[in-house]
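To convert, note that position 46 of the sequence shown is 35 in the numbering used here; the numbers rise steadily by one, no gaps.
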Amino acid sequence: MTSTSSEARPAVRAADLGTLVVLAWSGEAPDGTDMPYLLAYSLGDAAGGPEATAAAVRQLLAVNGLPVGGQLVDGTTKPSLPVTLLVEAGQAVVNMPQLVAQATAPPEWLAAVATRGYAYLVFTTRAWPEGAPGQAVEPAALAAFAGAEETLHAAAHVVLPARSLRG
């Protein structure tokens, strides 16, 4: 006798993710206008260290249908995507099952997202302990981490439509 069952993926424990950080910034896109970017990463400070946080972040992304490795997910064409972006009161809020992450957005980011109607999320499994909350991040350090091949290849890339409470 054979039986079939759908194998549910285990829930990701928040403690395994370590401290998650989201940074909002904008930069010039190939079309010459500003692109609003969001970078999400862990500090790698969970009990198992950076390797354990990378595995937990990878699992969180997989459970939410976000492939790691560079394939772009266009959330503007996938209304059932379980990842959303709320932009309200100068904040960018990324919401997915088991996670709500918020970042203060600079004025140029808010202007870019208002123009485009979406933001580009890079959610990497690569830990960045130097990017701790409450500490200033130098633009050169952010560019070096966010633009590094190791960061980009270890990330889910998602275009998220921006929503607001006002509609």
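Backbone N, C-alpha and C define an ideal beta-carbon position, used for all residues, glycine too.
Exposure label - residue i; buried when at least 16 CB within 10 Å
{"i": "Ala116", "result": "buried"}
{"i": "Gly21", "result": "exposed"}
{"i": "Ser69", "result": "exposed"}
{"i": "Thr93", "result": "exposed"}
{"i": "His142", "result": "exposed"}
{"i": "Gly136", "result": "exposed"}
{"i": "Pro118", "result": "exposed"}
{"i": "Gly79", "result": "exposed"}
{"i": "Thr114", "result": "buried"}
{"i": "Ala129", "result": "exposed"}
From the options, residue whose alpha carbon lies closest to that of residue i
{"i": "Val111", "options": "Leu61, Thr65 and Glu127", "result": "Leu61"}
{"i": "Pro122", "options": "Ala144, Pro71 and Ala13", "result": "Ala13"}
{"i": "Ala81", "options": "His142, Gly33 and Leu154", "result": "Leu154"}
{"i": "Glu183", "options": "Gly7, Leu27, Ala3 and Ala43", "result": "There is no way to answer for residue 183, as the model of the chain reaches only from -10 to 156."}
Rounded Cβ spacing between residue i and residue j (contact assumed at less than 8 Å)
{"i": "Val83", "j": "Val1", "result": "About 15 Å; that fails the 8 Å criterion."}
{"i": "Gly178", "j": "Ala51", "result": "Nothing can be reported for residue 178: it is not among the residues displayed for the chain, which extend from -10 to 156."}
C-alpha gap between residue i and residue j, whole angstroms
{"i": "Ala90", "j": "Val76", "result": "12 Å"}
{"i": "Val102", "j": "Pro95", "result": "11 Å"}
{"i": "Met85", "j": "Thr73", "result": "7 Å"}
{"i": "Ala29", "j": "Thr104", "result": "22 Å"}
{"i": "Pro56", "j": "Tyr107", "result": "19 Å"}
{"i": "Ala41", "j": "Asn53", "result": "19 Å"}
{"i": "Ala151", "j": "Met24", "result": "13 Å"}
{"i": "Leu149", "j": "Pro39", "result": "27 Å"}
{"i": "Glu97", "j": "Gln48", "result": "33 Å"}
{"i": "Glu127", "j": "Lys67", "result": "34 Å"}
Would you list, in sequence order, the uninterrupted beta strand (DSSP E) runs of no fewer than 3 residues that lie entirely inside the region 13 to 61? 23 to 31
- Query: In the region 81 to 135, which residue ranges form an unbroken alpha helix (DSSP H) of at least 4 residues, counting only runs that do not cross its ends?
  - Reply: 96 to 105
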